[in-house]
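To start, the structure under review is shown below, and the notes come after it.
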Amino acid sequence: MSVTIQQLIQWKQQGRPIVALTAWDYPVAQLLDEAGVDLILVGDSLAMVALGYETTLPVTLEEMMHHAKAVRRGVEKALVVVDLPFLTYQESPQQAMHSAGRILKETGANAVKLEGGYDAIAQTVYRLVQAGIPVMGHVGLTPQSVHQLGYRQQGKTPEDSERILSEAIALEQAGAFAIVLEHIPAELAAQISKRLVIPTIGIGAGPDCDGQVLVTADLLGLSSRQPPFAKSYANLRQTIGKAVRDFSIEVREHQFPESGH
Ligand code: KIV
Numbered sequence: 627m628s629v630t631i632q633q634l635i636q637w638k639q640q641g642r643p644i645v646a647l648t649a650w651d652y653p654v655a656q657l658l659d660e661a662g663v664d665l666i667l668v669g670d671s672l673a674m675v676a677l678g679y680e681t682t683l684p685v686t687l688e689e690m691m692h693h694a695k696a697v698r699r700g701v702e703k704a705l706v707v708v709d710l711p712f713l714t715y716q717e718s719p720q721q722a723m724h725s726a727g728r729i730l731k732e733t734g735a736n737a738v739k740l741e742g743g744y745d746a747i748a749q750t751v752y753r754l755v756q757a758g759i760p761v762m763g764h765v766g767l768t769p770q771s772v773h774q775l776g777y778r779q780q781g782k783t784p785e786d787s788e789r790i791l792s793e794a795i796a797l798e799q800a801g802a803f804a805i806v807l808e809h810i811p812a813e814l815a816a817q818i819s820k821r822l823v824i825p826t827i828g829i830g831a832g833p834d835c836d837g838q839v840l841v842t843a844d845l846l847g848l849s850s851r852q853p854p855f856a857k858s859y860a861n862l863r864q865t866i867g868k869a870v871r872d873f874s875i876e877v878r879e880h881q882f883p884e885s886g887h
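Here the numbering used here is used: the first residue of the sequence shown is 627, the next is one more, and so on.
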């Protein structure tokens, strides 16, 4: 049985933490799904981890859809959520409807995610949800606003933490089914998680969120740089580098292929 958005809300009520990770291609998606990840996010962080851009801003809707289709083909069980990239939803609810509709229709994803919770975004979320498009919110550090916010922790002053809390409430009222809380103080994330009925998925937001998400390239030790709150559970840069160096040596020394290859 595939994971549903209703199940995520039930899991919050039952106190069962939600496991979420990002994926950008077929094999990564297949490995995550087979390992039992609940929610697979085709995050626009793929601009940096898979396409080599400095920020998430340059990635296009077409590029996101290309990656989302590959991820979708690798997933049987997890809920697949796709990020709406920069400037494909902020202009108007119509623009958001067009972009989100294309993602759902053409990639087979289950839901979209967008950043921010100010009034216009909450209204857009309301319109998308009314049209039958499940939406996940994202507040706190929002990487699409890097030129305004940098990659600094958000919500450190009382005014800023009040703003983030009201954005999260506005997104829930607009019909979002879950909200990513990125790089905010743990106490603020705990307060938001307690206040909302829908689950919060934290990244750099402490242990009291209803679930946790990491960028899979960071988890695997594939990224050349990663945020301070990420944890690597493997060092694939080292493993892959060694495999490639070993292959190169064996080719140059005429040791590969052997008769069995
Ligand atoms: O793009 C992404 O990978 C994300 C996660 C950091 C939640 O939005």
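The beta carbon of each residue, even a glycine, is placed where N, CA and C say it ideally should be.
For isoleucine 631, the uninterrupted alpha helix (DSSP H) segment begins and ends at 631 to 640.
For threonine 733, the enclosing alpha helix (DSSP H) has its first and last residue at 719 to 733. Assignment of methionine 691 by DSSP, reduced to helix, strand and coil, places it in the helix class. DSSP places threonine 865 within a helical segment (H, G or I) once states are collapsed to three.
Its Cα nearest to that of alanine 831, the residue Gln780 stands out among Ile747, Gln799, Gln780, Leu740. The DSSP-derived three-state label of leucine 840 is strand.
Ligand 1 has a heavy atom closer than 7 Å to the beta-carbon of serine 671.
The Cβ atoms of lysine 857 and proline 811 lie no closer than 8 Å to each other.
Taking a cut-off of 8 Å for Cβ pairs, the region 680 to 700 and the region 715 to 722 do not touch, as fewer than three such pairs fall below it. A residue is called buried when at least 16 other Cβ atoms come within 10 angstroms of its Cβ; threonine 768 meets this threshold and is buried. For a cut-off of 8 Å, the C-beta gap from glycine 743 to valine 765 is around 5 Å, short enough to register as a contact. Under the criterion of beta carbons closer than 8 Å, aspartate 664 and isoleucine 644 qualify as touching, at roughly 5 Å. Excluding five sequence positions before and after leucine 683, the CB atoms of its chain that fall closer than 6 Å to its own CB belong to Phe712, given in chain order. It is roughly 18 Å from the alpha-carbon of leucine 647 to the alpha-carbon of lysine 638. The residues Ala812, Ala815, Ala816, Ser819, in chain order, have a CB closer than 7 Å to that of aspartate 834 in the same chain once the five nearest residues on each side in sequence are set aside.
CA-CA distance, tyrosine 859 to serine 849, rounds to 12 Å.
Isoleucine 759 and alanine 804 do not touch by the CB rule: their CB atoms are close to 14 Å apart, not below 8 Å.
Cβ-Cβ distances below 8 Å link methionine 627 to Lys703 in the same chain, with the five nearest sequence neighbours on each side left out; the list follows chain order. When DSSP states are grouped into helix, strand and coil, glycine 700 belongs to the helix group.
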